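S.K.: One point on numbering: in this note's numbering, the residue at position 209 of the sequence shown is 624, and numbering is uninterrupted. Beta carbons: idealized from backbone N, C-alpha and C, even for Gly. None of these values were measured; they are calculated from a predicted model. The structure under discussion is supplied below as structure tokens; questions concerning it will follow.
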Amino acid sequence: MIFLKASYAVLLAVTLVIPTFEYAAATTVTLEPKTQSKAESAPDAGFQEGSAYVGAVWQFDPATGKSAPKLDGSSGAEDPYQYKPDTLCRAGGGGLGCQGLECPPTTEGGAEGTPVVWKKAPKAISNPDWTDYRAISGPTCLYDAKPENVLANIAARILNDFRQLPVNPGTLEAQPFPHTLKGGPTNFYTTATEQAFDVTILGQAVHLTATPASYTYNFGDTTTLGPTPVAGYAIPEADWLLNDTRTSHIYTATGNYPATITTSFTGTYSVNNGPPLPINGTLDLTTAPKTIQVWKTEKALVADTCQENPKSWGCPDAPGL
Numbered sequence: 416m417i418f419l420k421a422s423y424a425v426l427l428a429v430t431l432v433i434p435t436f437e438y439a440a441a442t443t444v445t446l447e448p449k450t451q452s453k454a455e456s457a458p459d460a461g462f463q464e465g466s467a468y469v470g471a472v473w474q475f476d477p478a479t480g481k482s483a484p485k486l487d488g489s490s491g492a493e494d495p496y497q498y499k500p501d502t503l504c505r506a507g508g509g510g511l512g513c514q515g516l517e518c519p520p521t522t523e524g525g526a527e528g529t530p531v532v533w534k535k536a537p538k539a540i541s542n543p544d545w546t547d548y549r550a551i552s553g554p555t556c557l558y559d560a561k562p563e564n565v566l567a568n569i570a571a572r573i574l575n576d577f578r579q580l581p582v583n584p585g586t587l588e589a590q591p592f593p594h595t596l597k598g599g600p601t602n603f604y605t606t607a608t609e610q611a612f613d614v615t616i617l618g619q620a621v622h623l624t625a626t627p628a629s630y631t632y633n634f635g636d637t638t639t640l641g642p643t644p645v646a647g648y649a650i651p652e653a654d655w656l657l658n659d660t661r662t663s664h665i666y667t668a669t670g671n672y673p674a675t676i677t678t679s680f681t682g683t684y685s686v687n688n689g690p691p692l693p694i695n696g697t698l699d700l701t702t703a704p705k706t707i708q709v710w711k712t713e714k715a716l717v718a719d720t721c722q723e724n725p726k727s728w729g730c731p732d733a734p735g736l
């Protein structure tokens, strides 16, 4: 756009001629001068009294991704827009008419074209988020450029996105809790479950799942169990300190121990309701520490019950308790 000093103000009227799903048609932007006063101009347009906006006619060809300036049949100012091919067709891009579009080679032995739609954004915006801009052309075949493949771009970043999900690691449960006994098997298990998330990545609808795959138990006394695929399970109270399960642990000393569990989640993702694809990597989450208070037991022979003699050994009123 060119700024020229004059005794009147000119506003550019913009006429967009956009083809409807014509594969090699051009998009023409026509800028026509129109006089108006400063009071009529937009407050944020940067208009100054005595200035004039003089534009050009720009013709964008989606087949090549290039635009050509014209001003009364001659070259004009620089095109104020930047253009980007979008391979939404490959990702099942909604109702854009991409499905079924074929791009055969234009020459014998040549490479096939890529189905794309074109988007534009003002050059004044650096690194625009192209998902905010609509297509300015119908689906067309692109031969002269190598557009980004949205599926490949999603695949390249999916592990990082997966690890940013608000996955609930579940909790570590112990039986009995909070007190257990030295020398007795304390049963541990986790409540982690499979979770699903629907997010938008690079303008595409992506469905992700996070599935618990393995567990590492840290019992807080320098001993661990795992990684193991066993999540453990709850047992009846009558079996506490008696039933030695695959995830139980026997503490050999009294004290308070911060127990945790680390769950490794595997994931899958699908783009625009496509088939689920595996995510190469895991999301490892550790629960907050749960303090296990380990007490000791002592045995002795007594002559009567605590009801008969409250001061008998081991009873609440016994000396030293």
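(1) Are the Cβ atoms of I707 and A653 separated by less than 8 angstroms?
(2) Give me the Cα-Cα distance between I650 and A607, rounded to the nearest whole angstrom.
(3) Considering just the uninterrupted stretch of the beta strand (DSSP E) at N602, what are its terminal residues?
(4) At the level of alpha carbons, what is the spacing between G635 and A703?
(5) Which value, in whole angstroms, describes the spacing of the CA atoms of E517 and C556?
(6) When the Cα atoms are used, what is the spatial distance from I551 to K499?
(7) Does the Cβ of D613 have 16 or more other Cβ atoms within 10 Å, making it buried, or fewer, making it exposed?
(8) Among residues of its own chain, excluding the 5 on either side of G509, which ones have a beta-carbon nearer than 6 angstroms to its beta-carbon?
(9) For P520 and A526, I'd like the C-alpha separation in whole angstroms.
(10) Can you give me the C-alpha to C-alpha distance between P642 and A570, rounded to a whole angstrom?
(11) What's the call for Y672, buried or exposed, on a 16-neighbour Cβ count within 10 Å?
(12) Distance, Cα to Cα, Y630 vs V645?
(13) Using the Cα positions of Q722 and T601, report the straight-line distance between them to the nearest angstrom.
(14) Take P593 as the anchor and find which of N575, V709, T637 has the nearest alpha-carbon.
(15) Which same chain residues, not among the five before or five after A611, have their C-beta less than 6 angstroms away from its C-beta?
(16) Helix, strand or coil, according to DSSP, for A752 in the structure here?
(17) Work out the CA separation of P495 and A539 for me, nearest whole Å.
(18) Check W655 in the structure and name its three-state DSSP category.
(19) Report the rounded CA-to-CA distance for D699 versus P725, giving the unit in angstroms.
(20) Considering Cα atoms alone, identify which of T667, A715, F680, S685 is closest to Q579.
(21) Tell me the DSSP bridge mates of A674?
(22) Given this structure, state the Cα-to-Cα distance separating S727 from A715, to the nearest angstrom.
(23) May I ask which residues mark the beginning and end of the beta strand (DSSP E) holding V531?
(24) Is F634 helix, strand or coil when you go by DSSP?
(25) Pull up the DSSP beta-bridge partners for A620, would you.
(26) Leaving out five residues on either side along the sequence, give the residues of the same chain with a beta carbon under 6 angstroms from the beta carbon of A457.
(27) For P731, which residues from the same chain have a beta carbon less than 8 angstroms from its beta carbon, with the 5 sequence-adjacent residues on both sides left out?
(28) Identify the residues that DSSP records as bridge partners of K393: which are they?
(29) For F680, does the three-state DSSP call read helix, strand or coil?
(30) I'd like to know whether the C-beta atoms of Y648 and F603 end up nearer to each other than 8 angstroms.
(31) How long is the line joining the alpha carbons of V531 and G618, rounded to whole angstroms?
(32) Does W545 come out as helix, strand or coil in the three-state DSSP assignment?
M.R.: Well, looking at it:
(1) no
(2) 17 angstroms
(3) 600-605
(4) 12 angstroms
(5) 8 angstroms
(6) 10 angstroms
(7) exposed
(8) Low confidence applies here, because G509 scores a pLDDT of 44, under 50, leaving its location unreliable; read the following figure in that light. Once the five neighbours on either side are set aside, G509 has no close Cβ partner at all.
(9) 5 angstroms
(10) 27 angstroms
(11) buried
(12) 7 angstroms
(13) 30 angstroms
(14) V709
(15) T624
(16) No statement about residue 752 is possible, as the shown extent of the chain runs from 416 to 736 and does not include it.
(17) 8 angstroms
(18) coil
(19) 53 angstroms
(20) F680
(21) K705
(22) 11 angstroms
(23) 529-537
(24) coil
(25) T615
(26) Below a pLDDT of 50, predicted positions are generally treated as unreliable, and A457, at 35, falls in that range; the measurement from the model is reported next regardless. No residues qualify anywhere along the chain.
(27) C721, P725
(28) Past the edges of the chain, shown from 416 to 736, lies residue 393, and the structure says nothing about it.
(29) strand
(30) no
(31) 15 angstroms
(32) helix
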